[in-house]
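Protein chains: 2
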Amino acid sequence: MRDQKLATDRRTLLTRVAAGAAFLAPGAALAQSGDLERIRAAVAAGHDAAIERLQDWIRNATIAAERRNVEGGADHMMRLAREAGFQKVEKVPTAGVPGVFATLDAGAKRTLGLYFMYDVKQFDPAEWSNPPLEGRLVDKPGTGRVMVGRGAVNQKGPQSAFLAALHAFRAAGRKLPVNLVLVAEGEEEIGSPHFAEIVRQQRVLAALRKCEGVIMPSAGQGPNGNAGISLGAKGVIELELVASGQRWGRGPARDVHSSLKAQVDSPVWHLVQALNTLVEADGNTPAIEGWFERVRPLTARERALVAESARGRREEDSKRSLGVQRWINDVPWLESLERLVSQPTANIEGLVAGYTGPGGKTILPGRAVAKMDFRLVPDMTAADSLAKLKAHLANKGFGDVEVNMTGGYDPTETAEDARVVRAQQAVFTRAGIPWALFPRNAGSWPGYVFTGAPLRLPAAHFGFGTGAGAHAPDEYFVIESSNPRVAGFDGATTAYVDFLYEMAAIK
Amino acid sequence: MRDQKLATDRRTLLTRVAAGAAFLAPGAALAQSGDLERIRAAVAAGHDAAIERLQDWIRNATIAAERRNVEGGADHMMRLAREAGFQKVEKVPTAGVPGVFATLDAGAKRTLGLYFMYDVKQFDPAEWSNPPLEGRLVDKPGTGRVMVGRGAVNQKGPQSAFLAALHAFRAAGRKLPVNLVLVAEGEEEIGSPHFAEIVRQQRVLAALRKCEGVIMPSAGQGPNGNAGISLGAKGVIELELVASGQRWGRGPARDVHSSLKAQVDSPVWHLVQALNTLVEADGNTPAIEGWFERVRPLTARERALVAESARGRREEDSKRSLGVQRWINDVPWLESLERLVSQPTANIEGLVAGYTGPGGKTILPGRAVAKMDFRLVPDMTAADSLAKLKAHLANKGFGDVEVNMTGGYDPTETAEDARVVRAQQAVFTRAGIPWALFPRNAGSWPGYVFTGAPLRLPAAHFGFGTGAGAHAPDEYFVIESSNPRVAGFDGATTAYVDFLYEMAAIK
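Residue numbers (numbering that gives the first Met the number 0), protein chains in the order written: chain C, 0 to 506; chain B, 0 to 506.
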């Protein structure tokens, strides 16, 4: 669900590090361990194998929306975990795509949780300039050597860099400074409908309760090298609204000739009218009864973080990259960024009814579908929002419109002083990478499973490196960076080594 | 555009003929000509060749919406005309699919105009139980031997029966009793965008001005054998409404991540809101400003014809065949039939925006399309209706929504006392086929090109025989009927022979 590129775009430039600090200078914790040179050599020696491992993974694409490679993807994830040194690895069956639960006991004092996704977004090969499932290495002028493929940045590239760090520890004959607990799912791109079920199994909960926090590997640097540290993400519910003659009891049960519109009601007009009740006249503000009841306003600290980030970004660059001329409701730049962090949304992802080919076809369709997502901010919850949507439709006379929720979850938040946040800051700072805190991603990830009850663990993304094109054609992850301020694959791997030492050492 | 099945369904049963009249008894005019036996024998002898000709035509499908077989379809139509005896045959180029203009001078006193379409509706072979372009002969229990294929009933089967009649005259060594002027188009199924241009060429107009009226061959019998004679049809405009960030100047120029909904306007919501202004709260009545200004109420005669037809039909049969439980706005049966004849419509044929595949995809689409048709009743016109729609959208704040009209035309009407109407009645009556007048088809055909200025000719459909599935899978035309009250292919052919004699003789 989350889009790495977007998160990166608005992570910026609070230059809290000494200007000119050498990129990937030896970290304090890493230096203390005395193993720096040996592990660096192992990262370099393992480069080709790690790249092949990533290519293999890209070839092995799981797409939950299409039920593509459901068991094969889970098996592949299990093999990757075993090869990286996890001692216990098990498949966790669900009613949908299975999860994977794995533990690596290094005999360390502290334990770190890991969240992986092994599924990827749908793709249309016709839109790609390179095959989406080959993981080709391509020279991208101004960027470097990149791996192109579905899942390259979202999330197999960063996850592979993390796994490569574990391989490097083993190759260097060094024990991990922390124990690891991995939970992986194959339904992230459809809203993680079974992820809570995976995590809430007693043995998984028990393992996670020992963790300092949870990290999802991610490409945390923007194209200029600056990094963002996000303290949370919006929740989401994703669903289809379906109007049909069959369920409505009005209009035709199937497509009929369009001339019958004079005699017969239309499920398509019914859907249009139902949709029209969901937003205000501005076409933006959700108009669902009670939708804003639980919306918590931004704190002064959150507003300050947004304002700082706005100062580091150029409005015109953002407009150009999105192809946007005006922000929503004509609000100014800073307010548009505050909205991005603070406002719940009602979005139509797609409309499908009747004839969708070239030209027209004179039919009166018996069924119409709107694919929607609603982003949720604290303290909204997925369950309450779904109930409010259903009640609203019923109250407005659209109780017959089916609401088929396919996935979603609550918002997630992590405190600024959590170890997994402070450890990131230390690693970025040591590497001379400017970083900024950002209060909340506008996109979503199922961090609530960790940050919410019963675990209440800190959970965040972390990683060096960059990429783009998540959910879009020509997705890529940078393997060798032509910008010295941006890490390539080995730099990202080494950063995870430093991060693991930092997590072991941090107060 | 028109749907033969629908038209047939509501043609009914005013039994104005002597009960027990033998089916296809010798017609008065035909009998007088003294050529009955000879031509009947020629029809029978030519059967196999005529069926092969129809199969060849079905294989040669032209689909204007897909720009499929544009020149090949016109060339085939020309060859069919030449082989049937037309002496002058020419292709009439247009900006779209070409028309065909042909004349057959028999040295007769009177001239009959013919309107043919050589294009067919789109199809999806996966939905068919027989290949849509083979013209297979299949036994259909309770119906007889039928030819299955796209265009079988709409309109290649009936048109082939007419051409077979011309072949039979030649084979029997008999001159045609009337001269013929043929105008054919290949864009009927997309709303005949260039047909007026074809007809209004001076040499075509000059030829048509000599005609008593115009006939389009059609399968005029219902499954029970009863026939309908329609005195007109609604007009139509067919168009796409397109909302896009690019044109609107708001929202994204292309699809972006759905989390941006908090910051960016949505062209899809813009389209939903524009659509919502087009109908009243009932989801049915057009709410476009001035839409009803020119709507002419039904006359007492028209209401009487509708009431007669309602008496001959079972409401429950109609509901079951359409999969409908209630008529529009809960009106009773008779009122629903009056609406079908008298009310203009605003119909959504299809909706297409963003992601349309399985499940969801978290995007905010940059573009959304509604495919629509609006049926028009006298005295509405296509041009005035299009202008009103555009003005309405502009007045409501949706002036940026593109209105791309793909086809359409004015309503058409023909007087009850026109020779082409009375000749039909005579031929049906002689054959012992119960027939009924119906004031207006709810579907559309471009008869206005003949019935409107400058020609003002009577124009109607005519033909024996039956079929079903126009615009739907498994379309068929009955070749050998198992119901003695329904004509097969040869019966339909012989009826055209009788009709041509009748047109020559009728007062």
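Ideal Cβ placement from N, Cα and C applies to all residues, glycine included.
Report task. From the DSSP output, read off the bridge partner residues of Glu237/C. Result -> Locating residue 237/C in the first sequence gives position 238, where the first residue counts as 1. Note: Glu237/C sits in a beta bridge opposite Asp372/C and Gly406/C.
Query raised in the report: How about Lys387/C: is its C-beta nearer than 8 Å to some C-beta of chain B?
Result: Within the first sequence, residue 387/C is the residue found at index 388, counting from 1. Chain B, which has no Cβ nearer than 8 Å to the Cβ of Lys387/C, makes this no.
Requested in this report: Tell me Ala417/B's beta-bridge partners as DSSP assigns them.
Outcome: On the second sequence, residue 417/B is found 418 positions in, with the first residue counted as 1. Partner(s): none; Ala417/B has no beta bridge.
Requested in this report: Please name the residues in the stretch 354-368 of chain C whose beta-carbon is closer than 8 Å to at least one beta-carbon of chain B, in chain order.
Outcome: Tyr354, Thr355, Gly356, Pro357, Gly358, Gly359, Lys360, Thr361, Ile362, Leu363, Pro364, Gly365 and Ala367
Query - Buried or exposed by the 16-neighbour rule on C-beta atoms within 10 Å, applied to Thr405/C - result: Residue numbering aside, residue 405/C sits at position 406 when the first sequence is read from its first letter. Per the 10 Å Cβ criterion, buried.
Query raised in the report: Going along the chain, which residues of the stretch 265-294 of chain B sit with their C-beta nearer than 7 Å to a C-beta in chain C?
Result: Ser265, Val267, Trp268, His269, Val271, Gln272, Leu274, Asn275, Val278, Gly282 and Asn283
**Report entry** the stretch 323-339 of chain B: positions lying closer than 7 Å to chain C by Cβ
**Finding:** Residues passing the 7 Å Cβ filter: Val323, Gln324, Arg325, Trp326, Ile327, Ser335, Arg338 and Leu339.
Query raised in the report: So is Ala242/C in contact with chain B if we call contact Cβ pairs under 8 Å?
Result: Within the first sequence, residue 242/C is the residue found at index 243, counting from 1. Taking a beta-carbon distance threshold of 8 Å, Ala242/C does not count as an interface residue toward chain B.
Query raised in the report: For Gly248/C and chain B, any beta-carbon pair shorter than 8 Å?
Result: For this step, residue 248/C is matched to residue 249 along the first sequence. Interface residue, yes.
Query raised in the report: DSSP state of Thr450/B, grouped into three classes?
Result: Locating residue 450/B in the second sequence gives position 451, where the first residue counts as 1. Looking at Thr450/B - three-state DSSP - the assignment turns out to be helix.
Query raised in the report: Under the three-state reduction of DSSP, which class applies to Lys209/C: helix, strand or coil?
Result: Sequence index remark: in the first sequence, residue 209/C carries index 210 (1-based). Coil at Lys209/C, not helix or strand.
**Report entry** Three-state secondary structure assigned by DSSP to Arg135/C
**Finding:** Taking the first residue of the first sequence as position 1, residue 135/C is located at position 136. Strand at Arg135/C.
Report task. Compare the beta carbon distance of Gly150/B and Ala73/B with 8 Å and say whether it is the shorter of the two. Result -> For the purposes of this step, residue 150/B is taken as the residue at position 151 of the second sequence. For the purposes of this step, residue 73/B is taken as the residue at position 74 of the second sequence. No, Cβ-Cβ distance for Gly150/B and Ala73/B is not below 8 Å.
Requested in this report: Can you pull the chain B residues whose beta carbon is under 7 Å from the beta carbon of Arg372/C, in chain order?
Outcome: By one-based count along the first sequence, residue 372/C stands at place 373. Going by the sequence as given, residue 372/C is Asp instead of Arg. Those within 7 Å of Asp372/C in chain B are Ser257, Gly359 and Thr361.
Requested in this report: Mind checking who Phe437/B pairs with in its DSSP beta bridge?
Outcome: Looking up residue 437/B in the second sequence gives position 438. For Phe437/B, which the question treats as bridged, DSSP gives the partners Ser229/B.
Requested in this report: Under 9 Å between beta-carbons, which chain C residues line up against Glu65/B? List them in chain order, please.
Outcome: For the purposes of this step, residue 65/B is taken as the residue at position 66 of the second sequence. Identification of chain C residues near Glu65/B by a Cβ-Cβ cut-off of 9 Å yields Gly356, Pro357 and Gly358, ordered along the chain.
Report task. Could you check how far apart the C-beta atoms of Asp372/B and Thr361/C are, in whole angstroms? I think they sit under 8 Å. Result -> Sequence index remark: in the second sequence, residue 372/B carries index 373 (1-based). Sequence index remark: in the first sequence, residue 361/C carries index 362 (1-based). Right, the Cβ-Cβ distance comes to about 6 Å (below 8 Å), so this counts as a contact.
Query - Backbone secondary structure at Thr298/B - three-state DSSP - result: Looking up residue 298/B in the second sequence gives position 299. For Thr298/B, the three-state secondary structure derived from DSSP is coil.
Query raised in the report: Could you check where the alpha helix (DSSP H) with Leu179/B kicks off and where it finishes?
Result: Numbered from 1 along the second sequence, position 180 holds the residue referred to as residue 179/B. Here Leu179/B belongs to no alpha helix (DSSP H); instead the beta strand (DSSP E) covers Asn178 to Glu184.
Requested in this report: Please determine if the stretch 396-416 of chain B and the stretch 237-250 of chain B are in contact, where contact requires at least 3 C-beta pairs separated by less than 8 Å.
Outcome: yes
Requested in this report: Look at Ile478/C and Arg144/C and say whether their C-beta atoms are less than 8 Å apart.
Outcome: Working through the first sequence from its first residue, we reach residue 478/C at position 479. Working through the first sequence from its first residue, we reach residue 144/C at position 145. The answer is yes: Cβ separation under 8 Å.
Report task. Starting from Lys318/B, follow the beta strand (DSSP E) in both directions and report where the run begins and ends. Result -> As a working mapping, residue 318/B is identified with position 319 in the second sequence. Note, Lys318/B: premise wrong, no beta strand (DSSP E); alpha helix (DSSP H) at Glu314 to Leu321.
Requested in this report: Tell whether a beta-carbon distance below 8 Å holds between Ile228/B and Gln424/B.
Outcome: Translated into positions along the second sequence, residue 228/B becomes position 229. Translated into positions along the second sequence, residue 424/B becomes position 425. Contact: yes.
**Report entry** chain C contact residues for Glu348/B, given Cβ-Cβ distances below 8 Å
**Finding:** Within the second sequence, the letter at position 349 stands for residue 348/B. Neighbours of Glu348/B on chain C, chain order: Ser257, Gly353, Tyr354, Gly359, Lys360, Thr361, Ile362, Leu363 and Pro364.
Query raised in the report: Should Gly134/C be labelled buried (16 or more other beta-carbon atoms within 10 Å of its own) or exposed?
Result: For the purposes of this step, residue 134/C is identified with residue 135 of the first sequence, where counting begins at 1. Buried, since its Cβ has 16 or more Cβ neighbours within 10 Å.
Query raised in the report: Between the stretch 44-63 of chain B and the stretch 153-165 of chain B, are three or more C-beta pairs nearer than 8 Å?
Result: yes
**Report entry** Run of the beta strand (DSSP E) containing Leu113/C, from where it starts to where it stops
**Finding:** Position 114 of the first sequence, counting from 1, holds the residue named residue 113/C. Residues Thr110 to Met116.
Requested in this report: Name, please, each residue of chain C whose Cβ falls closer than 9 Å to the Cβ of Leu375/B.
Outcome: The residue you call residue 375/B lines up with position 376 of the second sequence. Result: empty, since nearest Cβ-Cβ is about 11 Å, beyond 9 Å.
Report task. Starting from Gly71/C, trace the alpha helix (DSSP H) both ways and give me its first and last residue. Result -> As a first step, residue 71/C is located in the first sequence; it is residue number 72 there, counting from the start. Where Gly71/C is concerned, the enclosing alpha helix (DSSP H) stretches over Val69 to Glu82.
Query - Cα-Cα separation between Glu327/C and Lys370/C, rounded to whole angstroms - result: As a first step, residue 327/C is located in the first sequence; it is residue number 328 there, counting from the start. As a first step, residue 370/C is located in the first sequence; it is residue number 371 there, counting from the start. The question names Glu, but residue 327/C in the sequence shown is Ile. Approximately 21 Å, taken between the alpha carbons.
Query - Contacts around Glu126/C, its chain only, beta-carbon distance under 7 Å, and the 5 residues preceding and following it disregarded - result: The sequence position of residue 126/C within the first sequence is 127, counting from 1. Here the set comprises Pro472.
Requested in this report: Assess, as a yes-or-no matter, whether the stretch 59-68 of chain B is touched by the stretch 181-199 of chain B under the definition of 3 or more beta carbon pairs within less than 8 Å.
Outcome: yes
Query - Whole-Å CB distance - Thr110/C paired with Val180/C, under 8 Å assumed - result: Numbered from 1 along the first sequence, position 111 holds the residue referred to as residue 110/C. Numbered from 1 along the first sequence, position 181 holds the residue referred to as residue 180/C. Sure, about 6 Å apart at Cβ, within 8 Å.
**Report entry** Straight-line gap, Ala261/C to Val485/B (C-alpha atoms, nearest Å)
**Finding:** Against the first sequence, residue 261/C aligns to sequence position 262. Against the second sequence, residue 485/B aligns to sequence position 486. Cα to Cα, the separation comes out at about 30 Å.
Query raised in the report: In chain C, what lies closer than 9 Å to Ala459/B by C-beta?
Result: Stepping through the second sequence from its first residue, residue 459/B is reached at position 460. Neighbours of Ala459/B on chain C: none; closest Cβ ~18 Å, over 9 Å.
Query raised in the report: Considering only the beta carbon of each residue, do Gly353/B and Ile347/C sit closer than 8 Å?
Result: Your numbering for residue 353/B matches position 354 in the second sequence. Your numbering for residue 347/C matches position 348 in the first sequence. Yes. Within cutoff.
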